[in-house]
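Protein chains in written order, with the working numbering: chain G, 1 to 239; chain R, 1001 to 1239; chain X, 2001 to 2239; chain S, 3001 to 3239. Input: a single structure, listed below in structure tokens.
There are 4 protein chains.
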Amino acid sequence: MINVLIYNENLHEQHSEKVRSVYPQGIHGCLRSFLESDDICVKTVTLDSVNDITDELLDKTDVIIWWGHMGHAQVPDEVAARVQAAVLKGMGAIFLHSGHHSKPFRLLMGTSCNLSWREDGDFERVWVAKPTHPIAKGVKRYIFSEHEETYAEPFDVPEPDVTVFIGGFEGGEVFRSGLCYRRGAGKIFYFQPGHETFPIYYNPDVQTVIKNAVYWAKPDCRLEKLDAPQVKKPGKDGE
Amino acid sequence: MINVLIYNENLHEQHSEKVRSVYPQGIHGCLRSFLESDDICVKTVTLDSVNDITDELLDKTDVIIWWGHMGHAQVPDEVAARVQAAVLKGMGAIFLHSGHHSKPFRLLMGTSCNLSWREDGDFERVWVAKPTHPIAKGVKRYIFSEHEETYAEPFDVPEPDVTVFIGGFEGGEVFRSGLCYRRGAGKIFYFQPGHETFPIYYNPDVQTVIKNAVYWAKPDCRLEKLDAPQVKKPGKDGE
Amino acid sequence: MINVLIYNENLHEQHSEKVRSVYPQGIHGCLRSFLESDDICVKTVTLDSVNDITDELLDKTDVIIWWGHMGHAQVPDEVAARVQAAVLKGMGAIFLHSGHHSKPFRLLMGTSCNLSWREDGDFERVWVAKPTHPIAKGVKRYIFSEHEETYAEPFDVPEPDVTVFIGGFEGGEVFRSGLCYRRGAGKIFYFQPGHETFPIYYNPDVQTVIKNAVYWAKPDCRLEKLDAPQVKKPGKDGE
Amino acid sequence: MINVLIYNENLHEQHSEKVRSVYPQGIHGCLRSFLESDDICVKTVTLDSVNDITDELLDKTDVIIWWGHMGHAQVPDEVAARVQAAVLKGMGAIFLHSGHHSKPFRLLMGTSCNLSWREDGDFERVWVAKPTHPIAKGVKRYIFSEHEETYAEPFDVPEPDVTVFIGGFEGGEVFRSGLCYRRGAGKIFYFQPGHETFPIYYNPDVQTVIKNAVYWAKPDCRLEKLDAPQVKKPGKDGE
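Structure (structure tokens):
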């Protein structure tokens, strides 16, 4: 059983009827609906309950999925630091769309995570750059979205371990849309699709990718704690 | 079931009584003995039968393990090219010790794969640099070998995806002893321990690592063929 | 003074009047015309004279630029191996457009270097993904080409050290168009623009990039030879 | 002229006569003494004056060198954030020895930067793993230090762009001692030698490496600000 924790700030859903009409159960509700299965157990947290993201909860979480945008600054620094530490100890993390600017993602990347953007409802093709990667399993040459917010390079992140997807937008921009990282004991996947006003998370291909990413990001190994141990001179026994 | 193909040139075993006394069934026999299990099915090939490494056999192989040294040059170029192509299509590959200079490893790396060396029977500690990597599972801080051939930096390989092990030798030298790469659809692991005159492959920790590497390297996905397709202008259907 | 060696197979120029009309002095002549300067000394070689690419010439070459397409197979294996070895010893190398399938590039990458393609004369924008990289100096957000052959992902190369450019084509495809690698002591840049029937190499931005790449790829350090030395046990003197 | 800013917390020098006897002008004074030249202009800051590290000063700094240990926590978060931002805009950064746990280094890496350690005054050989890298220029096979604090793997940092040095200690431990990173527009070098009670920074080879690193890390390009711009739909002019 894989324990998934979905964080969605759930602000756009409250403030905008349009968003509410697309995601009546919130983006977290939509994500939960296609992830929950015999293999995957889902919990959700929103900005209202962000302090529920305790060390105890994170220790029991295999993969966290993060959607945030207008409420990034309201996530307490301590919560962001806890998420970072949990990833370094082995928890997987999937950051969606505007989550590129969330506190935990920026902490893990060490860079500004800035990008260029415009909002014209362009269509997008998310091209598969690494078709044999487990996260791309089941996707054809590209994923098509009728309308999407345009994200554009330069994307200020460290060079990824693997570039799985590259998006191409109607207006011409390109963007590295699916990126894998290893930090500490944890695996991180950034996935660009997902503007709140478009029904992106109903797209079966997008759902396939997020589900694949959950399986990919689940821990190989968990550390009980991060530490910098003073050690003894080694002998012949591997201790 | 994981299908493993072990290539061992099996020359030292024929030419040296000392080597024969350490590995009476050949290095391939020793590797086979600890790998074969309910999960893992092993076939072996030696230099005598190297042309048995056909495309048909490779298509059925999940992971190849390669041990060679004095017979590198006798491996036909076509066989080496077949192994390279099979890796690019998804087959895993584990290169042991002097396999750093084998034709398939050099083809896959694109570099000289040169290193410095001396043969004084130094002890070695193979330190775990990435303890949470699946290949290091079950190993303590380091693996100890009473006697080993000394391999030393600089090791002329591309920067690895992950440095899992770094060896330290009695005389002082250091060497990146366990390195992971992805090339095409395949995963590659280089592992330094294993001189023919020392009983390295009887070390339980070394066996653990090689077994872990088999599980790690098995294909996520296999390509039927490598190709450079002419494609049609994309539509909206992902084809 | 930077010594640049341009290899252009010069076959399309002989066989096609259209190509000849675009590049009356050959692609190599065009490249030479904008590179030659007080700092840069250019020599050129074509397929007719490919055996002039000797070790002696390569030892005096700081950066090789490679354009080939229909004549890849006619480049002798020994010449390709010499170029590979020279790069590993420190020579810079720039592979242009269809040079992705040249023998030396494939040897250095270790992968198939396959890509998808179509030839519809689409326009292309080559977007700058890493604007602060020295190779991108002087380029705005993107380079525009009125007509280009379409190259598309997946591009089967190892993950690059830096993704400097990503191309987006009129028909929608995307492609990692500018990639940096270090192999051995040498630096390698792959740059996608440059179909033979379009006047791409007259584009001032394309010229800027190729010129920048020459400065970037020139050796930091040259090895006299590639070797795998037997060494002595170390003392305290760094020898 | 390269403008170098040396930060040394200068606490051990105040609290310990032993340290003061080794570094009577402080570690910063020692570093300054061998760096200052016709090409390099040095300023120094200590923990007492850490708030002098303003954006204005960082904008004029080409490379910062950071030595800290017991006073890491006393460096204000705002100062650490300023240093991080300056690196992302292009300033080079060299972190020495216990600087692996400094706030700016941890911010830039995104990981715990933990390592194992013991303090027995072991000798160390810092082996050159990439002899053709500009930072290793002028160093033989290794740098020898009679006494050094022992640092040991695992070192919890992201996989580096280049592993330039690997240390081997008398007691047997190994450690990745010289690591290069690119983050944003900036270049970062971590270099392990330098315990406060040993005269490491008087070692001519160590001085050579730090000097080389200054030349290597100086900016290729500076950004005026980090931003995430809203952009217009692209045309044909590269704007």
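We treat Cβ as the ideally placed atom computed from N, Cα and C, and that holds for glycine.
Would you say residue i lies against chain G (beta-carbon separation less than 8 Å)?
{"i": "Leu3096/S", "result": "no"}
{"i": "Ala2228/X", "result": "no"}
{"i": "Arg2182/X", "result": "no"}
{"i": "Leu3058/S", "result": "no"}
{"i": "Trp2127/X", "result": "yes"}
{"i": "Lys1236/R", "result": "yes"}
In whole angstroms, give me the CA-to-CA distance for residue i and residue j.
{"i": "Pro2234/X", "j": "Glu1173/R", "result": "8 Å"}
{"i": "Lys1060/R", "j": "Glu2153/X", "result": "28 Å"}
{"i": "Glu3056/S", "j": "Val3083/S", "result": "11 Å"}
{"i": "Ser1037/R", "j": "Glu1159/R", "result": "34 Å"}
{"i": "Ala73/G", "j": "Lys103/G", "result": "8 Å"}
{"i": "Thr3197/S", "j": "Met3070/S", "result": "14 Å"}
{"i": "Leu3115/S", "j": "Phe3175/S", "result": "9 Å"}
{"i": "Trp67/G", "j": "Glu9/G", "result": "7 Å"}
{"i": "Ala2185/X", "j": "Asp39/G", "result": "48 Å"}
{"i": "Tyr3007/S", "j": "Asp1227/R", "result": "54 Å"}
{"i": "Asp1120/R", "j": "Glu1148/R", "result": "8 Å"}
{"i": "Glu13/G", "j": "Arg20/G", "result": "5 Å"}
{"i": "Cys113/G", "j": "Cys1221/R", "result": "31 Å"}
{"i": "Asp3161/S", "j": "Leu2179/X", "result": "14 Å"}
{"i": "Val3139/S", "j": "Asn1203/R", "result": "37 Å"}
{"i": "Ala2136/X", "j": "Val2164/X", "result": "7 Å"}
{"i": "Val75/G", "j": "Leu107/G", "result": "13 Å"}
When the cut-off is 8 Å and only beta carbons count, does residue i lie next to chain S?
{"i": "Val231/G", "result": "yes"}
{"i": "Thr2061/X", "result": "no"}
{"i": "Ala152/G", "result": "yes"}
{"i": "Gly167/G", "result": "no"}
{"i": "Val1162/R", "result": "yes"}
{"i": "Glu1146/R", "result": "no"}
Identify the continuous beta strand (DSSP E) that holds residue i and give its terminal residues.
{"i": "Leu11/G", "result": "Run containing Leu11/G: none; DSSP gives neither H nor E here."}
{"i": "Leu3179/S", "result": "3174–3183"}
{"i": "Val3045/S", "result": "3040–3045"}
{"i": "Lys1187/R", "result": "1186–1191"}
{"i": "Val63/G", "result": "63–67"}
Relative to the alpha-carbon of residue i, which residue among the options has its alpha-carbon at the smallest distance?
{"i": "Asn3051/S", "options": "Asp3039/S, Asp3062/S, Ala3080/S, Cys3030/S", "result": "Ala3080/S"}
{"i": "Ile2027/X", "options": "Val2206/X, Pro2219/X, Pro2229/X, Tyr2201/X", "result": "Tyr2201/X"}
{"i": "Asp1048/R", "options": "Ser1016/R, Leu1058/R, Leu1011/R, Glu1078/R", "result": "Leu1011/R"}
{"i": "Val327/G", "options": "Leu58/G, Gln14/G, Asp156/G", "result": "Outside the displayed range of chain G (1 to 239) lies residue 327/G, so it cannot be described from this structure."}
{"i": "Glu2078/X", "options": "Thr2163/X, Lys2211/X, Thr2054/X", "result": "Thr2054/X"}
{"i": "Ala213/G", "options": "Phe169/G, Pro134/G, Cys113/G", "result": "Pro134/G"}
{"i": "Thr2132/X", "options": "Gly2171/X, Trp2216/X, Pro2204/X", "result": "Trp2216/X"}
{"i": "Thr2208/X", "options": "Arg2222/X, Asp2220/X, Pro2219/X, Pro2193/X", "result": "Pro2193/X"}
{"i": "Ala3093/S", "options": "Phe3191/S, Leu3223/S, Gln3230/S", "result": "Phe3191/S"}
{"i": "Thr46/G", "options": "Pro219/G, Phe165/G, Gly29/G, His100/G", "result": "Gly29/G"}
{"i": "Tyr151/G", "options": "Lys137/G, Phe144/G, Lys140/G, Arg118/G", "result": "Arg118/G"}
{"i": "Lys3225/S", "options": "Ser33/G, Asp156/G, Glu224/G", "result": "Asp156/G"}
{"i": "Met109/G", "options": "Lys187/G, Glu170/G, Gly167/G", "result": "Lys187/G"}
For the alpha helix (DSSP H) holding residue i, just list the boundary residues, first then last.
{"i": "Phe3034/S", "result": "3026–3035"}
{"i": "Ile1200/R", "result": "That residue, Ile1200/R, is in no alpha helix (DSSP H); it is neither H nor E in DSSP."}
{"i": "Ala2085/X", "result": "2077–2088"}
{"i": "Lys1218/R", "result": "No alpha helix (DSSP H) contains Lys1218/R, which DSSP labels as neither H nor E."}
{"i": "Gly96/G", "result": "Per the sequence shown, the amino acid found at residue 96/G is Leu instead of Gly. Leu96/G -> not in any alpha helix (DSSP H); beta strand (DSSP E) instead, spanning 92–96."}
{"i": "Glu56/G", "result": "55–59"}
{"i": "Ser3102/S", "result": "First-last for Ser3102/S: undefined, no H or E at that position."}
Give a yes or no on whether 8 Å exceeds the smallest Cβ distance from residue i to chain R.
{"i": "Arg20/G", "result": "no"}
{"i": "Thr208/G", "result": "no"}
{"i": "Asp2205/X", "result": "no"}
{"i": "Pro158/G", "result": "no"}
{"i": "Cys2114/X", "result": "Rather than Cys, the amino acid found at residue 2114/X in this sequence is Asn. For Asn2114/X, the answer is yes, since a Cβ of chain R falls inside 8 Å of its Cβ."}
Are any of the Cβ atoms in chain X nearer than 8 Å to that of residue i?
{"i": "Met1109/R", "result": "yes"}
{"i": "Pro131/G", "result": "yes"}
{"i": "Val45/G", "result": "no"}
Extract the residue ranges of the beta strand (DSSP E) inside the stretch 109–161 of chain G, only unbroken runs of 3 or more that lie entirely within it.
DSSP runs (the beta strand (DSSP E)) wholly in the stretch 109–161 of chain G: 116–128, 142–152.
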